[in-house]
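Colleague: Next up is a structure, given as structure tokens.
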Amino acid sequence: MDRASFFSPQAGRTIDAPLKMRARFGIGDVVRHKIFDFRGVVFDIDPVFANSEEWYESIPAEVRPHREQPFYHLLAENGENSYVAYVSQQNLLSDGESGPVDHPSLDELFEDFKNGRYRLRRSMTH
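Numbering-wise, the working numbering puts 16 at position 16 of the sequence shown, and it's gapless, one number per residue.
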């Protein structure tokens, strides 16, 4: 058996995924979107697409990412807003060298910014 499954609250269903998937980024990494002008901090990772079908279908077909790759939950910012983003691995680049991110929820999850990444609060680890 080379597949596993998990329940995704965002999708409202069970998601089928490979037993092994390699994530390029980790919790606390600062990343930048390849196409759109925003950056963010990774706070969660799905091994494959695990959001709603409506969300997936809302992406134009010509730029829609494939499902079988890690998807990252980001505390994101652009020049005007702070928000939570859900982005495929293929659309992200490392961006820790550009400095910290200014998001109002950072202090809830992370302690500090050092060496281009954030450290998860001890209270958030097990």
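Beta carbons are placed, not taken as given, at the ideal position from N, Cα and C, and that holds for glycine.
Quick caveat: nothing in here was measured; it's all calculated off a predicted structure.
From this set, Ile27, Phe49, Ser82, Pro65, which residue's C-alpha is nearest Lys34's C-alpha?
Modeller: Pro65
Colleague: What is the residue span of the alpha helix (DSSP H) that Asp107 lies within?
Modeller: 106-109
Colleague: Just reading off the alpha helix (DSSP H) that Glu54 is part of, what are its end residues?
Modeller: Here the alpha helix (DSSP H) through Glu54 covers 53-57.
Colleague: Apart from the five residues on each side of it in sequence, which residues of its chain come closer than 8 Å, Cβ to Cβ, to Asp95?
Modeller: Val30, Val31, Arg32, Arg39
Colleague: Taking only runs that begin and end inside the stretch 37-121, name each unbroken beta strand (DSSP E) of 3 or more residues, in chain order.
Modeller: 39-46, 71-77, 82-88, 92-94, 110-114, 117-120
Colleague: What does Phe25 pair with, by DSSP beta-bridge criteria?
Modeller: In the DSSP output, where bridge partners are listed per residue, Phe25 has none listed.
Colleague: Which residue from Asp107, Ser123, Gly99 puts its Cα closest to that of Lys114?
Modeller: Gly99
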